[in-house]
Each structure stands twice: as structure tokens, then as C-alpha cells.
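Q: Protein chains in written order, with my numbering: chain S, 14 to 127; chain G, 21 to 133.
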Amino acid sequence: DAGVIQSPRHEVTEMGQEVTLRCKPISGHDYLFWYRQTMMRGLELLIYFNNNVPIDDSGMPEDRFSAKMPNASFSTLKIQPSEPRDSAVYFCASSPRDRGTEAFFGQGTRLTVV
Amino acid sequence: KNQVEQSPQSLIILEGKNCTLQCNYTVSPFSNLRWYKQDTGRGPVSLTIMTFSENTKSNGRYTATLDADTKQSSLHITASQLSDSASYICVVSLNTGFQKLVFGTGTRLLVSP
Chain S
14 DAGVIQSPRH EVTEMGQEVT LRCKPISGHD YLFWYRQTMM RGLELLIYFN
64 NNVPIDDSGM PEDRFSAKMP NASFSTLKIQ PSEPRDSAVY FCASSPRDRG
114 TEAFFGQGTR LTVV
Chain G
21 KNQVEQSPQS LIILEGKNCT LQCNYTVSPF SNLRWYKQDT GRGPVSLTIM
71 TFSENTKSNG RYTATLDADT KQSSLHITAS QLSDSASYIC VVSLNTGFQK
121 LVFGTGTRLL VSP
């Protein structure tokens, strides 16, 4: 398996534009997570899904953020409208049911909002 | 408040030397503690996991310790290599449901030749 695949690797956008980040989890994993990482705050869990259903979105900072998982092999994180303070690295991770809390991370999308 | 604090924030050591990274947590109820290694430009990768009853766990040149009484963990790296240069993140899981995780902000380690 190629691991968790995220796209794009880098995204530069202007303030106010819509941004969509994409993730393909490891096949067979039941859980999918979206994290945000900044120098100041480290890693923060935004939302996670179990079997394509959103379970906990309490980490989503504002209504500008939304996430979907239409099927077991694809998820998106959308920011609309984007703001400079959204600049961060966004990680997608997946986990199998029997591995407890170990998450397998993608390489991340570095988002810069100017 | 559930918190994980790591020290030092950053560290520079010479290749071949040993080092120890610290993690203090105030998380309750405790389930387990993981150390992740994050190379620059990549996602974190799990190194070790420790539950309440485990004191020490090794993974090659990495040895993690856990003192559940003092709520402290350490990650010891032996005979450091240039490839050990990375951020090391301590993550504590709450025993209140799946994926209730509290992250430390990490220690940036640079191994210098």
C-alpha cells in the first residue's frame, strides 16, 4: 500500500478564495482524521470519521471549515473563504480498527493564504 | 486541563552522542502514550506506544520510559545518527473514547556531523 495520499502537497491562495484539500486513506482503515499543524500550536485534531461518518468535529475552528467523506477511499477538507491565519500544514491520517490510537499520516498539504 | 509539555523545545547534539527528550503530562484518565518522529516535510510516524503498566519500551536505538506516578515520559536516543534529526512529538491518549488525543508541541532535534 502506498500509504495515506494527500493532494496537493503545496497550495498558495489568495485570501477569500476557496481551498479544497484531498485525502486518500490506506485501504481497509476504518478511521480517517484531519489535523492541522502550526509552529505555535503544534498538531490539532480538526475532525475524524469512522466508516465515512463524521464522529467528532469539535476541533473544526469555524464554519468556514467543512469536511466530507463520500466513500471509504476519499475525503476532502474545504475552507471557504480562506484567511491568512489558516496558513498551516494540514495532515490527513487513517487508522485501522484494531490498532487503537496509532494513526498513519500522509505527507501533508502546506497551505499558504496570502 | 489536559496538557502535554515537552522539553527541551530544541536540541543540537553531535553525531554519535546520546540524548534524552522529556514529556510531562497532566492528562486524565490516561490510556496510553506514544512518541512520534516527524521528519521535515513529512507526516509523523509512531515510534513507541506505552500503556499504564509499562515502564520501558525500546525500538532499536530509541528507548521510551514511562512513570505513571509522576506522569512523565522520556525518549532516549542512543548513538545518534544524522537521520535522527527530526521533531519528536509526545501524544497522550485519554481513556474516554477513541482518538481523544492530547499532543505536545514537540522537540526539534538536530544531529550535527
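Using N, Cα and C, we set each Cβ at its ideal position, and we do this for glycine too.
Strictly by DSSP, which residues pair up with S/Pro-67?
A: One-based indexing of the first sequence puts residue 67 of chain S at position 54. Its beta-bridge partners are S/Phe-62.
Q: Going by other Cβ atoms of all chains shown within 10 Å of its Cβ, with 16 needed for buried, is G/Phe-72 buried or exposed?
A: Translated into the one-based positions of the second sequence, residue 72 of chain G becomes position 52. The residue is exposed, with fewer than 16 neighbouring Cβ atoms inside 10 Å.
Q: Go through the region 32 to 84 of chain G residue by residue and report every complete run of the beta strand (DSSP E) that reaches 3 residues or more, in order.
A: 39 to 46, 50 to 58, 65 to 71, 76 to 79
Q: Less than 7 Å between C-beta atoms, sequence neighbours within five positions excluded: which residues of the same chain meet that for G/Ile-97?
A: As a position in the second sequence, residue 97 of chain G is number 77, starting the count at 1. So the qualifying residues of the chain are Asn-38, Cys-39, Arg-81, Tyr-82, Asp-104.
Q: With distances taken between CB atoms, is the gap from S/Gly-16 to S/Phe-117 smaller than 8 Å?
A: Working through the first sequence from its first residue, we reach residue 16 of chain S at position 3. Working through the first sequence from its first residue, we reach residue 117 of chain S at position 104. Yes, the Cβ-Cβ distance between S/Gly-16 and S/Phe-117 is below 8 Å.
Q: So with Cβ pairs under 8 Å, would you call S/Phe-78 a contact of chain G?
A: What you label residue 78 of chain S is simply residue 65 of the first sequence in a count that begins at 1. Output row for S/Phe-78: interface = no.
Q: Applying a beta-carbon distance threshold of less than 8 Å, which residues of chain G neighbour S/Glu-115?
A: Here residue 115 of chain S is taken as the residue at index 102 of the first sequence, counted from 1. Ordered by position in chain G, the residues that pass the 8 Å Cβ test against S/Glu-115 are Arg-54, Ser-66, Ile-69.
Q: Name the DSSP beta bridge partners of S/Glu-115, please?
A: For the purposes of this step, residue 115 of chain S is taken as residue 102 along the first sequence, with counting starting at 1. According to DSSP, which records beta bridges pairwise, S/Glu-115 is partnered with nothing at all.
Q: Can you tell me the Cα-Cα spacing of G/Leu-130 and G/Ser-66, whole angstroms?
A: In the second sequence, residue 130 of chain G corresponds to position 110, counting from 1. In the second sequence, residue 66 of chain G corresponds to position 46, counting from 1. Using only the alpha carbons, I get a separation of about 19 Å.
Q: Does the distance from the CB of G/Leu-86 to the CB of G/Ser-93 come in under 8 Å?
A: Along the second sequence, read from residue 1 onward, the residue named residue 86 of chain G stands at position 66. Along the second sequence, read from residue 1 onward, the residue named residue 93 of chain G stands at position 73. A contact, by the Cβ cut-off of 8 Å.
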